[in-house]
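*Asks:* First the structure, which I've put down as structure tokens, then a few questions once you've had a look.
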Amino acid sequence: MDILYRIFLDPFVQMGTAPDLFVQTLWEGMVGGVLYALIALGFVLIFKASGVFNFAQGIMVVFAALTLVGLYNAGMPAFLALGLTIAVMFALAFAVERIVLRPLINQPGIILFMATFGLTYFLIGFGEFVFGGDPKVMITEQLYLPKGTVTYKALGGIISLQKLDIAAAIIASIMVAGLAVFFSKTRIGRALRAVADSHEAALSVGISLEQIWVIVWFAAGLVALVTGIMWGARSDVSFALDVIALKALPVLILGGLTSIPGAIVGGLIIGVGEKLWEFYWGPLVGGGTDAWFAFVIALVFLLFRPQGLFGERIIERV
Amino acid sequence: MRATGGPAVAVGDVLLSVENVSLSFGGVKAVSDVSFDIRKGEIRAIIGPNGAGKTSMLNIINGFYHPQKGRIIFKGETRARMRPHDAAYGGIARTFQNVALFRGMTALDNIMAGRTLKMHSNFFWQLLRYGPAMREEVDHRHRVEEIIDFLKIQEIRRVQVGRLPYGLQKRVELGRALAMEPELLLLDEPMAGMNLEEKEDMSRFVLDVNDYYGTTIALIEHDMGVVMDLSDRVVVLDHGIKIADGTPDEVKQSEAVVDAYLGVAH
Amino acid sequence: MLYREAGQFKTSYATDHAVFPILQDRIGLLIILVIAFVGIPLVGNDFLINAVMTPFLIFSLAAIGLNLLTGYTGLLSLGTGAFMGVGAYACYKLTTIFPNVNIIIWVLASGFFSAAVGAVFGLPSLRIKGFYLAIATLAAQFFLEWCFIRIPWLYNYNVSAAIEVPQRELFGIIVTGPRASAETRYLIVLTIVVMMTWMASNIVHGRIGRMWMAVRDMDIAAELMGIRLLPTKLLAFAVSSFYCGVAGALLVFLWYGGAESTVFSINESFTVLFMIIIGGLGSLLGSFLGAALIYILPIILRFVPPELGLSLHAATVEHLTFMITGALIVFFLIAEPAGLARLWQIGKQKLRVWPFPY
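Chains as they are written, first to last, in our numbering: chain F, -10 to 307; chain A, 452 to 717; chain W, 682 to 1039.
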């Protein structure tokens, strides 16, 4: 009886009696969710345009952040470093497409997937080799990102929001909105959607696949950079970020591999869900549940709705 | 009527009966209210223009698709929702339009795989590869070798099927289906992509399977010459509806069929 | 022309079905076994045995386990580390609860626990495939890893959350714990690995192996042969996890001497996966070759450059290992997806006609 009370009633009681804490946790979850969503966004972009699931997107985020900090620490002014990092990400994307993806074009998807594992490992080693393995501090001030907290007295208690988190949410929203508009309104965006549907059809109407891929990888690189900056600003820049990137996979399952709004919704659900779960139910089992919560949710989705909330249904024909 | 010689197989009772079967995918009606039967020991052809629903029909008989309406009666038993492995155990085997061989395995292993449902030695003996497990391997190898002799594919036993030319792949696939010792063999365009010589070989094999093993055969085929020569009876589908059913001569003369094919008939 | 089948006729199907039909192969295998059982303990020093051979064998066993699941049945799994952990912790609990039972029995029994857990996490394979199944196995990996930390009963409420291997004996010889000799531990691991490899070979050459490969290559056609997909896939998960569980128990009990939960992390899963990709998916020999390459690589990087006059920082060795491993994966997937095992076969092919070019 006591157990049932503790699982099914008590957490909600807690939420109700300390609503400020609840909102605080909710907010933290949303911020985490936004960042997951940004990583997932990079995956979706590339998958949508080329059908390749680039597991290495996570490490790209880390790489972008490291390059930025590394260049700054080497003496470059912040915004020049930013520009140069964008160029580096672009070159990296280009190299990956040429060296890893192109030779594997006709192989089954699972082979490509495994190849991106190898790529990830390579970039981890390479990044640590070039930049050193110790954690670094993101150059938030130099990029004019806000510091400090905003405190509200509300709901009987105090709610404090980091200004940086607010900035992250705003920047992410702008980026997503921008991408959504780009895809639906511009000519290139339409071409991208055509390529995602069918390579052959797109070729037959004169769309250059290579050009499209370059644009997409560039966009993914930009997204990776913004994500890297935001993540790095909240916690130091190190290769542990890559473990976080694994969490983007459940986000993709939830949202659907081909959907941009899906990545956002999925990210928010996972982010909020795992924070709330850990805060209110975690103590019952010793804590640390955020290590697996996202994956178990993904598992449930895989069993009952593998295409996610917004993805396309997969039909198998004989 | 078959044009070739050889002992005629007695056309017996109904083996499989399709009754008022309808199947649709979303809004697309693949098969609408189709009924026909297949008698034991005969060679039944299912023909029709592209998109007529022929492969869907085979898939239904097989248990891959489940019709929204109608039923299948096989060996006297009505099957509501049948799974493919139930069909296999019931004695239905099949080849596919695009060869569905196990590419990572040799021709021999592919055909041995067809014997799976007859192999029962348990896990423990499999671990040791001794005793019952080994005896079973050898016994079934004998049967598989009979099939290999029958189809004249001795030289390519140990070749990985992915490397074989198309015609030989089709033969191995036939061998794999035969290994199941089926009562009803479904062939989906067995002659597709073959030249005249290969077609003659394959026709000979189909006839021999029917003669020698007594297997009932249902085949989808586009080549009218093959259909007329090989089959005992023909059913014609067009846009998912049955438009003719009878002997090859009857069907050839049916106006509906000629219209459907618009003069393509042989 | 040392190596050819000419003149070796098989007069019955039984002999044709032998796993090593060619005489030269059998002789080669015998030589390897003699070297392994007799040569190495006699000649090798402690370092070779303890830091190279024993872990190589253990990882080969784990690689065989994963290969059965991913290489033969086509089910990509990222949960190998966790399944190894289940075996290790199961063995620990069993031997601390029943200390008088032979430790080898507990090592092998712990495989069954892994097998059960593996089968449970394999249930989703009924409905999902490929890349999606891999993500489901990630759920297994992270959840089980969490269990290893948060269920104190597993490590006997030890304050440091680590397990330490108690001393155990076999026929009076100390086999586990700090006082067990490197040779003893090596020989036990070798025996177990050889036996289990033999059994794996039997399975994959028979009916079950064909069923697994059929499911991998075209599961729709496999169903049509009367192969029931779920039991076949679950069997693959169970057997694979059994092998990984035993490997995990061997890892802790006969090599490390202790463990904490970080030993069985996602990195372990990736390492074993890389071993079978490089070694060859769907090849038992490949599991050994891949394990050798991946495991020996950092050792070579650590010890060879100093001999050549280059000294490398320890951290650099680690970075280089990552880089070379990653590059090798990409290279093999592009150039030779069937891995080192295929290269080996090509080599044997050349041997058949040597000294002629073809």
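Positions of the beta carbon are idealized from the N, C-alpha and C atoms, including for glycine.
Keep in mind the model is a prediction, meaning the values are calculated, not measured.
(1) Would you mind sorting I113/F into buried or exposed? The rule is 16 or more other CB atoms within 10 Å of its CB.
(2) Within the chosen definition, does the stretch 637 to 648 of chain A reach the stretch 583 to 597 of chain A through at least 3 CB pairs nearer than 8 Å?
(3) Beta strand (DSSP E) containing S507/A: first to last residue?
(4) For the stretch 97 to 109 of chain F, enumerate the residues whose C-beta is nearer than 8 Å to any C-beta of chain W, in chain order.
(5) Quick one, which of V89/F, M49/F and G221/F has its alpha-carbon nearest A1016/W's?
(6) Among T506/A, P500/A, K491/A and R545/A, which residue has its Cα nearest to the Cα of E904/W?
(7) So, with DSSP's three-state summary, where would you put S173/F?
(8) Got a sec: is the Cβ-Cβ distance from G858/W to anything in chain F below 7 Å?
(9) Let me see if you follow: with CB-CB separation under 7 Å, is I113/F close to chain W or not?
(10) Can you check whether the C-beta of T567/A is within less than 7 Å of a C-beta belonging to chain W?
(11) Find out if the Cβ-Cβ distance for the pair T735/W, Y838/W is shorter than 7 Å.
(12) Three-state secondary structure (DSSP) at N471/A?
(13) Please confirm if V285/F has its CB atom under 7 Å from at least one CB of chain W.
(14) For a cutoff of 7 Å on Cβ pairs, would you count V610/A as touching chain W?
(15) Go ahead and pull the three-state DSSP assignment for K603/A.
(16) Along chain F, in chain order, which residues have C-beta atoms closer than 7 Å to that of R831/W?
(17) Residues in the same chain with beta-carbon distance under 6 Å from K480/A, minus the five sequence neighbours each way, listed in chain order, please.
(18) Just to confirm my understanding: we take P987/W, look at its own chain, exclude 5 residues before and 5 after, and list those with CB closer than 6 Å. What are they?
(19) Contact defined as beta carbons within less than 8 Å: I believe F32/F pairs with L241/F. What is the distance between those atoms, to the nearest angstrom?
(20) Using three-state DSSP, classify S946/W as helix, strand or coil.
(21) In its own chain, which residues sit with a C-beta less than 8 Å from the C-beta of D(-9)/F, not counting the 5 before and 5 after it?
(22) Only counting the same chain, and skipping five residues up and downstream in sequence, which positions put a Cβ closer than 6 Å to that of A538/A?
(23) From the beta carbon of R530/A, is the nearest beta carbon of chain W less than 7 Å away?
(24) Find the residues of chain A that neighbour F698/W, judging by a C-beta separation of less than 9 Å, and give them in chain order.
(25) Going along chain W in order, which residues have a C-beta closer than 7 Å to the C-beta of Y540/A?
(26) Alpha carbon to alpha carbon, what distance is there between A800/W and L(-7)/F?
(27) Please compile the residues from chain W whose C-beta is within a distance smaller than 8 Å of the C-beta of G555/A.
(28) Quick check on V89/F - is its C-beta less than 7 Å from some C-beta in chain W?
(29) Who are the Cβ neighbours of G137/F in its own chain at under 7 Å, not counting the five residues just before and after it?
(30) At a Cβ threshold of 7 Å, is Y924/W touching chain A?
(31) Residues of chain A with a CB under 9 Å from the CB of A917/W: which are they?
(32) Only counting runs of 3 or more residues, tell me where the beta strand (DSSP E) segments fall wholly within the stretch 561 to 588 of chain A, in order along the chain.
(33) Do you know offhand how far K174/F's Cα is from A82/F's?
(34) Give the straight-line distance between the Cα atoms of A930/W and F802/W, rounded to the nearest whole angstrom.
(35) Of all the CB atoms in chain W, is at least one closer than 7 Å to the CB of L291/F?
(36) For the stretch 999 to 1016 of chain W, list every residue whose C-beta sits within 9 Å of some C-beta in chain F, in sequence order.
*Replies:* With the given structure in hand:
(1) Counted from its first residue, the first sequence places residue 113/F at position 124. Buried is the call here.
(2) no
(3) For this step, residue 507/A is matched to residue 56 along the second sequence. Looking at the DSSP string, S507/A is not in any beta strand (DSSP E); the run it does join, the alpha helix (DSSP H), is K505 to N513.
(4) G98, I99, I100, F102, M103, A104, F106, G107, L108 and T109
(5) Indexing the third sequence from 1 puts residue 1016/W at position 335. Here the closest residue by C-alpha is V89/F.
(6) Mapped onto the third sequence, residue 904/W falls at position 223. Closest by alpha carbon: R545/A.
(7) Here residue 173/F corresponds to residue number 184 of the first sequence, with the count starting at 1. Note: S173/F maps to helix in three-state DSSP.
(8) Here residue 858/W is taken as the residue at index 177 of the third sequence, counted from 1. Closer than 7 Å: no.
(9) Within the first sequence, the letter at position 124 stands for residue 113/F. Answer yes: the Cβ-Cβ gap between I113/F and chain W drops below 7 Å somewhere.
(10) Locating residue 567/A in the second sequence gives position 116, counting from the first residue. Yes, because at least one Cβ of chain W sits closer than 7 Å to the Cβ of T567/A.
(11) Position 54 of the third sequence holds residue 735/W. Position 157 of the third sequence holds residue 838/W. With respect to the 7 Å criterion, T735/W and Y838/W are not classified as neighbours on the basis of their beta carbons.
(12) Locating residue 471/A in the second sequence gives position 20, where the first residue counts as 1. Correct three-state label for N471/A: strand.
(13) Mapped onto the first sequence, residue 285/F falls at position 296. The beta-carbon of V285/F is placed less than 7 Å from the nearest beta-carbon of chain W.
(14) As a working note, residue 610/A is residue 159 in the second sequence. Not closer than 7 Å to any Cβ of chain W, the Cβ of V610/A fails to qualify, so no.
(15) The residue given as residue 603/A occupies position 152 in the second sequence. Of the three classes helix, strand and coil, the one that applies to K603/A here is coil, per DSSP.
(16) Indexing the third sequence from 1 puts residue 831/W at position 150. Here the neighbours are V274, G275 and G277.
(17) Position 29 of the second sequence, counted from the start, is the residue given in the question as residue 480/A. The answer, listed in chain order, is G691.
(18) Within the third sequence, numbered from 1, the residue matching residue 987/W stands at position 306. Within the same chain, no residue comes within 6 Å of P987/W by CB-CB distance, once the 5 residues on both sides are set aside.
(19) Translated into the one-based positions of the first sequence, residue 32/F becomes position 43. Translated into the one-based positions of the first sequence, residue 241/F becomes position 252. Contact flag correct, Cβ pair sits at about 6 Å.
(20) The residue given as residue 946/W occupies position 265 in the third sequence. Note: S946/W maps to coil in three-state DSSP.
(21) Mapped onto the first sequence, residue -9/F falls at position 2. For D(-9)/F, where only same-chain residues beyond five positions count, there are no Cβ hits under 8 Å.
(22) Residue numbering aside, residue 538/A sits at position 87 when the second sequence is read from its first letter. Contacts found: N513 and G514.
(23) Numbered from 1 along the second sequence, position 79 holds the residue referred to as residue 530/A. Chain W contact via Cβ: absent.
(24) Locating residue 698/W in the third sequence gives position 17, counting from the first residue. The sequence given here places His at residue 698/W; Phe does not occur at that position. Neighbours of H698/W on chain A, chain order: R580, M585, E588, V589 and R592.
(25) Residue mapping note: residue 540/A aligns to position 89 of the second sequence, counting from 1. Correct list: G907.
(26) Here residue -7/F is taken as the residue at index 4 of the first sequence, counted from 1. Here residue 800/W is taken as the residue at index 119 of the third sequence, counted from 1. About 29 Å.
(27) Taking the second sequence and counting its residues from 1, one reaches residue 555/A at position 104. By Cβ distance, chain W contributes M894, R897, D898 and G963.
(28) For the purposes of this step, residue 89/F is identified with residue 100 of the first sequence, where counting begins at 1. The Cβ of V89/F sits closer than 7 Å to at least one Cβ of chain W.
(29) Walking along the first sequence from the start, residue 137/F turns up at place 148. Closer than 7 Å at Cβ, skipping near neighbours: K152.
(30) Taking the third sequence and counting its residues from 1, one reaches residue 924/W at position 243. With 7 Å as the cut-off, Y924/W does not count as an interface residue toward chain A.
(31) Working through the third sequence from its first residue, we reach residue 917/W at position 236. Near A917/W there are no residues of chain A at all, since even the closest Cβ is about 12 Å away, more than 9 Å.
(32) Within the stretch 561 to 588 of chain A, no complete beta strand (DSSP E) run reaches 3 residues.
(33) As a position in the first sequence, residue 174/F is number 185, starting the count at 1. As a position in the first sequence, residue 82/F is number 93, starting the count at 1. Rounded to the nearest angstrom, the two C-alpha atoms are 25 Å apart.
(34) Along the third sequence, read from residue 1 onward, the residue named residue 930/W stands at position 249. Along the third sequence, read from residue 1 onward, the residue named residue 802/W stands at position 121. So the alpha carbons of these two residues sit roughly 20 Å apart.
(35) Translated into the one-based positions of the first sequence, residue 291/F becomes position 302. Closer than 7 Å: yes.
(36) E999, H1000, L1001, T1002, F1003, M1004, I1005, T1006, G1007, A1008, L1009, I1010, V1011, F1012, F1013, L1014, I1015 and A1016
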